[in-house]
Amino acid sequence: MSIDYTERIPNNVDLSGDRRLQRALESWQPRFLRWWGEMGPTLPTQDVYLRTAIDVGREGWAHFGHVALPEYRWGIFLAERDPDRRIAFGQNMGRPVWQQVPGEYRAELQRLIVVQGDTEPASVEQQRRLGLSAPSLYDLRNLFQVNVEEGRHLWAMVYLLHAYFGRTGRDEADALLLRNSGSEDSPRILGAFNEETPDWLSFYMFTYFTDRDGKYQLGTLKESAFDPLSRTCEFMLKEEAHHMFVGTTGVDRVVERTAQLMREHNTDDIGRFGGIPLDVIQKYVNFHYSVSLDLFGGETSTNVANYFTAGLKGRWQEERRGDDHLLTEAVATVQHVENGRIANLRLPALTALNADLRGEYIADCGTGITRWNRILTGHGIDAALHLPHIGFNRQVGAFAGHHVTPDGRILDRVAWEAGRDRWLPTPDDKTHVLSLMRPVYEPGKIAAWVAPPRNGINNRPLDYEYVHF
10 MSIDYTERIP NNVDLSGDRR LQRALESWQP RFLRWWGEMG PTLPTQDVYL RTAIDVGREG
70 WAHFGHVALP EYRWGIFLAE RDPDRRIAFG QNMGRPVWQQ VPGEYRAELQ RLIVVQGDTE
130 PASVEQQRRL GLSAPSLYDL RNLFQVNVEE GRHLWAMVYL LHAYFGRTGR DEADALLLRN
190 SGSEDSPRIL GAFNEETPDW LSFYMFTYFT DRDGKYQLGT LKESAFDPLS RTCEFMLKEE
250 AHHMFVGTTG VDRVVERTAQ LMREHNTDDI GRFGGIPLDV IQKYVNFHYS VSLDLFGGET
310 STNVANYFTA GLKGRWQEER RGDDHLLTEA VATVQHVENG RIANLRLPAL TALNADLRGE
370 YIADCGTGIT RWNRILTGHG IDAALHLPHI GFNRQVGAFA GHHVTPDGRI LDRVAWEAGR
430 DRWLPTPDDK THVLSLMRPV YEPGKIAAWV APPRNGINNR PLDYEYVHF
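10 is the number of the first residue of the sequence shown in the working numbering; add one for each residue after it.
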């Protein structure tokens, strides 16, 4: 499906065929651009080498070229429609998917779309100052690519709200621009999207761990019986893959440089040589992973069970599952704290769908740990990174209110506070990382705390001018 770039709002949904909807979105567009000007990237640039979607089909969908950020063509792009698609799970399994919102599920679907939509501008707000300390033009370009695509993902959710939810949907679309990350008066809905992203190590961790949560949340919505939502999320997942690539390879390069300095100076204490010590990297892993786990919600949820039964939200790769897709008799095992120790609890699988999705996410996160440890091994370093226990540093779910160490021991508050600085970034750790964040804007050059990337973007060399000032 090609995208019409002759329209004021590029789209592949025949927006011009619905003049009322088109006028409503054209009225929302200046508010979005004002938000971008106020809350988007603070570093002024002339143009950036960006990827822009031109097609959503299998024949290719990306065009590369230098674009001024405020002129990026944000728009509305849905994956191709399958006219034979049927609901794959729940009580409506086997019936044709919905092209309109069923009245009985209106409030639930709107809430799912609003929560997803709220995360998209939040990450732009969290990252708005990172350009001021970019370690290279390659990294600066990747930051801006992530930012404009998060902006387009906001457009995707706003389109659904305007097109299918009437006045309440339009009001919710307006509210998406009124909340701000970290605001005391009107914060973003989910906690992780109110955390700071003050440095590039945090950015790499965010795009690895938190954007990976986004992958799994979008994956469940892609299964939705509401076909416009499903098709929207299917296309968003294509763009989300790049965000996780930025995180994966970014941490790769930090670990690579850390390993080089450890070997060169024969010490773990590489902070004095301009690097990020391995124990600090581990603390950042611990923090961003645990905060991202909270995004999956509590282990049990009757709301999510109801979403599944109704067909609003499925499981990750639902149609590849080998069960009955109803889960009325199925059971699942989750961990919780019982009598001061961690124990297994058997629950109806239908109410434990958050834990099921979290399990898929945890397994995926482990692939990055394997990559990073392979880098350390390649440099002859015995130390290894690891994911902390799922109960560590949790504020949501079965482990909230408990003090669990990274290796899964339960402590009292005093012991936890005594060990906290060994497990989570301290003010001194953050100060050291921030001290390294000095911008490098010369083509082909890179900051000393991170290794260069293995390849450029779209077959361009590393010394290509990805950003013009």
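Virtual Cβ for every residue (Gly too), placed ideally from N, Cα, C.
G284 is not bridged by DSSP to any residue. By alpha-carbon distance to E369, the top candidate from E80, D148, K224, D91 is K224. DSSP places H345 in the uninterrupted beta strand (DSSP E) bounded by 340-347. Per the DSSP secondary-structure output, I351 pairs in a beta bridge with V346. Contact annotation: the stretch 51-71 touches the stretch 149-164, with at least three C-beta pairs closer than 8 Å. Restricting attention to P50, V459, Y475, the CA atom closest to the CA of G280 is found in V459. By the criterion of a C-beta distance shorter than 6 Å, L385 is surrounded in its chain by A268, once the five residues flanking it on both sides are discounted.
The continuous alpha helix (DSSP H) containing A364 extends over residues 362-387.
The alpha carbon of I371 has as its nearest neighbour, out of N295, V476, L443, the alpha carbon of N295. In the structure shown, the three-state DSSP call for H334 is coil. DSSP, reduced to helix, strand and coil, places N402 outside both helices and strands of the structure shown, so it counts as coil.
Here T61 is bridged, per DSSP, to H72. For R120, same chain residues with a beta-carbon under 6 Å away, outside a window of 5 residues either side, do not exist. By the Cβ-count criterion, P79 is exposed, with fewer than 16 other Cβ atoms from all chains shown falling within 10 Å of its own Cβ. Counting along the chain, no alpha helix (DSSP H) covers S11, and no H or E run does either.
In the three-state reduction of the DSSP assignment, V167 falls in the helix class, which pools H, G and I.
Approximately 23 Å separates the beta-carbon atoms of L287 and I399; this is outside 8 Å, ruling out the contact. The closest CA to that of D261, considering only G428, Y213, E243, T276, is found on Y213. Straight-line spacing of the CA atoms in R28 and L42 works out to 21 Å.
Note that the stretch 141-150 touches the stretch 436-449; at least 3 beta-carbon pairs, one per stretch, sit closer than 8 Å.
Of all alpha-carbon atoms in I63, Q38, W45, S36, the one lying nearest the alpha-carbon of Y14 is that of I63. Straight across, the Cα-Cα distance linking I390 with Y81 is about 44 Å. In the three-state DSSP reduction, V413 falls in the strand class (E or B). Assigned with DSSP and collapsed to three states, L420 falls in strand.
Taking the C-beta atoms as reference points, A88 is found nearer than 8 Å to V65. In the DSSP annotation of this structure, the continuous segment of the alpha helix (DSSP H) that includes G46 starts and ends at 28-48.
For Y213, the uninterrupted alpha helix (DSSP H) run begins and ends at 209-214, by DSSP.
In this structure, DSSP gives L356 an extended state, which the three-state scheme calls strand. In this structure, S211 is the residue among L230, E273, S211 with its C-alpha nearest to the C-alpha of T257. Taking a cut-off of 8 Å for Cβ pairs, the stretch 226-234 and the stretch 305-325 touch, as three or more such pairs fall below it.
Closest in alpha carbon position to I419, among Q404, R350, W381, is R350. With fewer than 16 other Cβ atoms from the protein chains shown falling within 10 Å of its own Cβ, L187 counts as exposed. For P436, the enclosing alpha helix (DSSP H) stretches over residues 436-444. For the options I290, E193, P207, the alpha carbon positioned closest to that of R137 is the one of P207.
Within the same chain, H297, Y298, S301 come within 6 Å of F218 by CB-CB distance, once the 5 residues on both sides are set aside. In the DSSP annotation of this structure, the continuous segment of the alpha helix (DSSP H) that includes T311 starts and ends at 311-319.
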